[in-house]
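This report concerns only the one structure given below.
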Amino acid sequence: MKSTTINHNDLYRFPWTLADNAISWLEPTSECNLHCDGCYRENRKGAHKSFAEVKTDLDVFQSQRKSDCISIAGGDPLLYPDIVELVAEIKRRGWKPILNTNGRALTEALLKDLKRAGLFGFTFHVDSGQGRPGKWHGKNELELNELRLHYARMVAEVGGIACSFNATIYQKNLEYVPGMIKWAQQHIDIVQTMVFICFRHIVPDMPYKWLAGDKEIQRSDVLYHSDRNRIITIGSRELMAKVREEVDPDFMPSAYLNGTHDPAAMKWLMTQRIGNRNRIHGYTGPKFAELAMSLYHLKTGRYLSYVAPDASRHGRRAMLLFSLLDPHTRKALGKWIGSALRNPARLFERSYLQTIMFIQPVDVMSNGDQSMCDGCPDITVHDGKLVWSCRMEEIMEFGTFLRSIPIAGPDQALRASEGPAVPD
Ligand code: SF4
């Protein structure tokens with residue numbers, strides 16, 4: 006079996022920074038029509054920003070930060086009363102508008118309006134920790150593939166809009182990650198990206214004091230806390246090892262984003278595969294990612310975020326072009342040629358590009374430092390300032406980001422933060 010270890014120095018480090026990034030994160034509303042287990046935003050009914058306030062947030066992005074796309078999130082952005090106008094406004098300002106939604110409020114009529122307004126893509130959040138009502142209640146991740154397919158088909162039918170899915174990964178649904186990745190291959194023609202976000206919470210076992218400035222805060226005062234111990238240490242490397250074990254031993258990431266306090270952490274870990282529903286030819290390598298990112302930046306002055314579905318359909322062209330400089334892509338090309346020699350009909354099969362992203366949010370280090378994504382793509386605006394969206398509740402509640410201080414010395418803190426914890 007292939008080694009499951011990976012050295013971050015062998016991958017391309019995304020060049021994203023605070024000032025020049027692929028993505029920025031906009032939250033026009035805090036209202037949601039679900040209550041997801043791992044959510045980091047308080048669900049505030051009717052808490053919509055006025056359109057003028059949202060435009061001011063966009064002004065902040067425009068003056069502070071280059072980005073290729075604006076991820077419109079929340080809350081659920083489809084509940085925002087001016088969502089169609091907002092998509093049009095983002096498009097008018099030259100960004101790609103991306104909707105991060107659970108999909109529940111999406112209708113065919115709204116989808117058509119959003120397309121007319123210039124929507125570039127969807128990221129549908131679907132997972133078993135959302136407490137979805139009705140038919141989906143209690144379904145596991147593989148059963149929820151039916152719902153994912155429903156949204157992917159809806160989007161494919163109107164055409165020209167990118168379709169991605171994300172899921173929060175807890176101990177309880179970790180076993181389904183390989184099955185979700187296999188499902189994505191079966192629908193590689195209409196699903197461009199799968200994102201897996203590792204669950205994080207503040208749990209009783211964490212041996213830290215939490216401070217807002219000099220004031221100690223109780224764990225239970227923080228929105229994202231659990232009263233029981235839960236496993237909060239699943240990371241990108243573990244997800245990658247699982248996929249290598251159960252899906253493909255050759256599964257090979259190409260690019261990453263490190264942690265602010267740990268250069269070897271894979272806070273964002275990207276794998277891109279080329280193939281079709283019958284076979285994966287291979288994986289693009291670090292040079293492919295570097296070329297794509299750099300050429301796009303040369304052309305547009307921005308780092309590449311989402312890719313249009315039309316571009317994802319050109320897997321063969323990408324293999325031919327990028328294999329000149331990227332050995333991993335060359336290997337994929339060789340595999341494709343070999344397979345076509347065995348069966349020439351395969352020459353006429355289309356090949357697609359599909360991205361698998363693992364995201365590993367905040368990690369509390371043994372000395373209490375909180376390691377964030379270095380060059381965070383999901384920075385949002387609060388009171389005119391750029392802040393991590395995953396921790397904005399701390400600013401809203403306490404006026405500052407919380408600090409964590411080890412209670413009993415770094416060594417004990419490290420041991421305790423690594424377990425034991427009860428499974429979900
Ligand atoms: S730092 Fe937080 S908000 Fe930024 S990308 Fe990482 S998890 Fe997302």
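Residue numbers (the working numbering): 6 to 429. Where a beta carbon is used, it is the ideal one built from N, C-alpha and C, also for glycine.
Practice task
Please go through the same chain and pick out, in chain order, the residues whose beta-carbon is closer than 7 Å to the beta-carbon of Y181, but skip the five residues on each side of it.
Solution key: N145, E146, L147
Practice task
For I364, count neighbouring C-beta atoms within 10 Å of its own C-beta (all shown protein chains included) and say buried if the count is 16 or more, exposed if not.
Solution key: buried
Practice task
Flag D383 as yes when its Cβ comes closer than 8 Å to any non-hydrogen atom of the ligand SF4, and as no otherwise.
Solution key: yes
Problem - Q434 (DSSP reduced to helix, strand or coil) - result: The chain is shown only over 6 to 429; residue 434 falls outside these bounds and no answer can be derived.
Practice task
Drop a sphere of 10 angstroms on the beta-carbon of Q191, count the other beta-carbons inside from all chains shown, and report buried for 16 or more, exposed for fewer.
Solution key: exposed
Handout entry: Proximity winner among G139, H230, G108, V92, relative to H155 (alpha-carbon distances)
Key = G108
Problem - Pairwise C-alpha distance: Q359 and S344 - result: 20 Å
Practice task
Just confirm the distance between the C-beta atoms of R249 and M271, as a whole number of angstroms; I'd bet it's less than 8 Å.
Solution key: Contact doesn't hold; Cβ gap of about 14 Å is too wide.
Practice task
Take Q277 as the anchor and find which of I239, N263, A323, F406 has the nearest alpha-carbon.
Solution key: The residue with the shortest Cα to Cα distance from Q277 is A323.
Practice task
Taking the CB atoms as reference points, tell me whether I384 and W30 lie closer together than 9 Å.
Solution key: yes
Exercise for the section: Out of E399, S409, V392, point me to the one whose CA is closest to R70's CA. Expected result: V392
Problem - Same chain, Cβ closer than 6 Å to Y301, five either side skipped, listed in chain order - result: L309
Exercise for the section: Measure the Cβ-Cβ separation of S35 and A24 and say whether it is below 9 Å. Expected result: no
Practice task
Let me know if K117 comes out buried or exposed under the rule of 16 or more other beta-carbons within 10 Å of its beta-carbon.
Solution key: exposed
Exercise for the section: May I ask you to check if the CB of S394 is nearer than 8 Å to at least one heavy atom of the ligand SF4? Expected result: yes
Problem - Contacting residues, own chain, Cβ-Cβ under 8 Å from H333 (five flanking each side not counted) - result: Around H333: M257, S259, G287, Y288, T289, G290, P291, K292, F293.
Problem - N- and C-terminal bounds of the alpha helix (DSSP H) containing N150 - result: 150 to 163
Handout entry: Classification of V427 by the beta-carbon crowding that lies within 10 angstroms, buried from 16 upward
Key = The pLDDT assigned to V427 is 43, lower than 50, so where the model puts this residue is not dependable; a value taken from the coordinates is nonetheless given after this. By the 10 Å Cβ count, V427 comes out exposed.
Practice task
Would you tell me roughly how many angstroms separate the C-alpha atoms of R351 and N150, rounded to the nearest one?
Solution key: In a straight line, the C-alpha of R351 is about 28 Å away from that of N150.
Handout entry: Beta-carbon contacts of M232 that lie in its chain and below 8 Å, excluding the five residues immediately before and after
Key = It is worth fixing the name first, because residue 232 is Asp in this sequence and not Met. For D232, the CB contacts under 8 Å within the same chain, skipping 5 residues up- and downstream, are P209, S225 in chain order.
Practice task
Return yes when at least one heavy atom of the ligand SF4 lies under 8 Å from the C-beta of C378, else no.
Solution key: yes
Problem - Residue range of the unbroken beta strand (DSSP E) whose run includes Y301 - result: Segment 291 to 305 is the alpha helix (DSSP H) holding Y301; no beta strand (DSSP E) there.
Problem - Any 3 or more C-beta pairs closer than 8 Å across the stretch 368 to 375 and the stretch 303 to 319 - result: no
Exercise for the section: Say yes only if the C-beta of P268 is nearer than 8 Å to one or more non-hydrogen atoms of the ligand SF4, and no if none qualify. Expected result: no
Practice task
Sort H13, Y357, F406, G389 by Cα distance to I195 and report the nearest one.
Solution key: Y357
Exercise for the section: Using the Cα positions of F327 and I193, report the straight-line distance between them to the nearest angstrom. Expected result: 20 Å
Exercise for the section: Pick helix, strand or coil for E499, following the three-state DSSP scheme. Expected result: No information on residue 499 is available, as it lies outside the stretch 6 to 429 that the chain covers here.
Handout entry: Start-to-end residues for the beta strand (DSSP E) that takes in E399
Key = Not the beta strand (DSSP E): E399 falls in the alpha helix (DSSP H), residues 397 to 403.
Practice task
Excluding the 5 residues preceding and the 5 following P183 in the sequence, name in chain order all residues of the same chain whose CB lies nearer than 7 Å to its CB.
Solution key: K247, V248, E251, V252
Exercise for the section: Spatial neighbours of I410 within its chain, please: CB distance less than 7 Å, with the 5 preceding and 5 following residues excluded, ordered by chain position. Expected result: Y213, K214, L216, G373
Exercise for the section: For N171, name the three-state secondary structure that DSSP assigns. Expected result: strand
Problem - Three-way DSSP call (helix, strand, coil) for W100 in this model - result: Looking at W100 - three-state DSSP - the assignment turns out to be coil, as it is neither helix nor strand.
Problem - Same chain, Cβ closer than 6 Å to I95, five either side skipped, listed in chain order - result: Cβ within range, chain order: I75, P102.
Practice task
Check whether the Cβ of I237 sits closer than 8 Å to any heavy atom of the ligand SF4, and report yes or no.
Solution key: no
Problem - Alpha-carbon to alpha-carbon, S394 and T405 - result: 13 Å
Exercise for the section: Examine the ligand SF4 and report whether any of its heavy atoms sits within less than 8 Å of the Cβ of K390. Expected result: no
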